[in-house]
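Novice: Okay, so the sequence shown: first residue is 778 according to this note's numbering, each after it adds one.
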Amino acid sequence: VLGRSAIVGRPMSWLLLRAHATVTTCHRHTVDRRAAILTAEGVKQSQILTAQGEQQAAILRAEGDKQSAVLRATGEAEAVKKVFDAIHEADPDPKLLAYQYLQALPQIAAGDANKVWVVPAELTQALGSFSSAFTPQARDDKLEG
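1. Excluding five sequence neighbours on each side, which residues of the same chain lie with their C-beta closer than 8 Å to the C-beta of residue 813?
2. When we look at the beta-carbon of residue 763 and count the other beta-carbons within 10 Å, is it buried (16 or more) or exposed?
3. Quick one: residues in its chain with C-beta nearer than 7 Å to the C-beta of residue 820, no 5 flanking neighbours on either side, listed in chain order?
4. May I have the straight-line CA-CA distance separating residue 816 from residue 839, to the nearest angstrom?
5. Express the C-alpha separation of residue 846 and residue 867 in angstroms, rounding to a whole number.
6. Taking only the alpha-carbon atoms, compute the straight-line gap between residue 841 and residue 809 and give it to the nearest angstrom.
Written as structure tokens, this is what we have:
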């Protein structure tokens with residue numbers, strides 16, 4: 778701040794200090810006024826360069842996080858596709874699917890999102906096939922056939 782008058786200089790210094798600025802007050806008779814101005818410019822440039830560096834670092838971190846999320850999602854999608862393909866190549870029968878559904882139910886129930894249960898149509902059909910395999914009539918039919 779050039780000038781230390783009660784009308785402009787000091788109030789301006791106080792406002793800048795309240796904004797957490799670095800303030801150097803010079804009087805017109807200050808001998809090293811030019812040095813004070815150069816020092817203030819140096820501090821200003823340093824703060825600008827620091828802020829730009831922090832901005833670039835934040836951008837690079839965000840881009841890294843984005844690439845990481847994309848790679849993770851791609852890997853998970855490939856894993857799901859491989860499992861899906863393996864299941865369809867094996868051509869499991871309804872009894873095996875019903876058994877696998879029953880094995881997975883405790884894990885589904887233990888999850889955080891277990892407020893609503895959605896039973897897929899395949900499960901009810903598979904359970905029907907599974908239970909019919911253990912009914913007395915189904916066993917008698919198999920023995921006769």
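For each residue, glycine too, the CB sits at the ideal point set by N, CA and C.
Keep in mind the model is a prediction, meaning the values are calculated, not measured.
Specialist: With the structure as the only source:
1. Within the same chain, and ignoring the five residues on either side of residue 813 in sequence, the residues whose Cβ sits closer than 8 Å to its Cβ are 801, 803 and 807.
2. Since the first residue of the chain shown is 778 and the last is 922, residue 763 is not available in this structure.
3. 799
4. 35 Å
5. 32 Å
6. Here the C-alpha atom of residue 841 lies approximately 48 Å from the C-alpha atom of residue 809.
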